[in-house]
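Each step along the sequence shown adds one to the number in the numbering used here, with nothing skipped, and position 42 is 34. From the three backbone atoms N, C-alpha and C, an ideal C-beta is built for every residue, glycine too. Since the structure comes first, as structure tokens, the remarks are kept for the end.
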Amino acid sequence: MLFDMVHETIELAGLERTTISAIGVSCGGPLDTETGIVYSPPNLPGWDALPLKAKLASEFQVPVTIENDANASALAEYRFGGGRGYSAVLYMTMSTGIGGGIVLDGQVYHGANDSAGEVGHQILLPDGPPCGCGKRGCLEALCSGPAIARRAQAAVRNEKTSATTLLDLAGGRVEAVRSEHVLEAARQGDVLGLHLVEETGYYMGWGIANLVNILNPDIVLLGTIAIAAGDLLLNPIRKTVSEFAMTRPAEAVKIAPAQLGEALGDLAAIALVV
């Protein structure tokens, strides 16, 4: 099936197989970038210790580069998007989870065993909500899309008289409240929606301040939810980073939305081979 997808992509691009010089794969982890083995990603059932790099290289007889999708996205933003012109770039995605990639002087920082960039699993509240990783109070457990939805649902249950906008957007069902409803309520000036977005910005800013102190990046690029929310979320993040990060790295860093939008997935794979 995977080979069929690659063949179809080549055909859709109007190319001949013999003209392909390299293949880049942006893939959910965990994986080993050196061996190219993918180890049971949650969203790719059946890919258990799959030697993906070797299989593709054998089939297509070209060099193959495989990279964690967050790292590949960071590299794409560095080369083609908001990270152009900077030497130290931190990319963070805010969606079903919170992931990240670190690019230093044009190279993805992988760490000792390809585990660097797990920015969503820094613990902010040791007694906070449980996270999918098995710990509690991780940034992901506070600021991912599902986490925002859970906080919003709890707030609606506790503050029904002031939650009419969120309830209306969710069709009157508390359990149907999602992060996108929170953003829309905030755009409409709803007090509860604005509070939830500001609270998310506080937690995100706290986490980013830690990373700014450690990495001293030129720029932090935020994707998905942060792009949709714009300055409603970015300004509280910037304010919190300014308050909590050390002065010198805080003065050096720019916090901005990622730039590549829907093209990011394709450009992430391309960035690995150009």
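Neighbour-count burial assignment, residue i, 16 or more Cβ in a 10 Å radius
{"i": "G66", "result": "Gly is not the amino acid found at residue 66; the sequence shown has Ala there. Looking at its Cβ environment, which holds 16 or more other Cβ atoms inside 10 Å, A66 is buried."}
{"i": "P209", "result": "buried"}
{"i": "V183", "result": "exposed"}
{"i": "L(-6)", "result": "exposed"}
{"i": "T239", "result": "exposed"}
{"i": "K105", "result": "The sequence given here has Asn at residue 105, not Lys. Label assigned to N105: exposed."}
{"i": "E110", "result": "buried"}
{"i": "Q99", "result": "exposed"}
{"i": "R143", "result": "buried"}
{"i": "G222", "result": "exposed"}
Backbone secondary structure at residue i - three-state DSSP
{"i": "R76", "result": "coil"}
{"i": "L226", "result": "helix"}
{"i": "L82", "result": "strand"}
{"i": "V100", "result": "strand"}
{"i": "T57", "result": "strand"}
{"i": "R170", "result": "coil"}
{"i": "P138", "result": "helix"}
{"i": "R165", "result": "coil"}
{"i": "L264", "result": "coil"}
{"i": "K246", "result": "strand"}
{"i": "P43", "result": "strand"}
{"i": "P122", "result": "strand"}
{"i": "L23", "result": "strand"}
{"i": "G28", "result": "coil"}
Pair within 8 angstroms by beta-carbon distance, residue i and residue j
{"i": "V266", "j": "I15", "result": "no"}
{"i": "I94", "j": "L207", "result": "yes"}
{"i": "T10", "j": "T216", "result": "no"}
{"i": "G92", "j": "Y83", "result": "yes"}
{"i": "L36", "j": "G20", "result": "yes"}
{"i": "I140", "j": "G112", "result": "no"}
{"i": "V189", "j": "L224", "result": "yes"}
{"i": "S13", "j": "V54", "result": "yes"}
{"i": "S87", "j": "S32", "result": "no"}
{"i": "V17", "j": "I58", "result": "yes"}
{"i": "Y195", "j": "L134", "result": "yes"}
{"i": "V233", "j": "I211", "result": "no"}
{"i": "G197", "j": "I229", "result": "yes"}
{"i": "A5", "j": "A263", "result": "no"}
{"i": "V174", "j": "L159", "result": "no"}
{"i": "E172", "j": "Q145", "result": "no"}
Per DSSP, cross-strand counterpart(s) of residue i
{"i": "L213", "result": "Y83 and A248"}
{"i": "R128", "result": "P122"}
(message) Does the structure place the segment 242 to 252 close enough to the segment 59 to 79 that three or more beta carbon pairs sit under 8 angstroms?
(response) With a cut-off of 8 angstroms on Cβ pairs, the segment 59 to 79 is in contact with the segment 242 to 252, counting three or more such pairs.
(message) Measuring CB atoms only, is the segment 166 to 183 touching the segment 44 to 53, in the sense that at least three cross pairs come out at less than 8 angstroms?
(response) no
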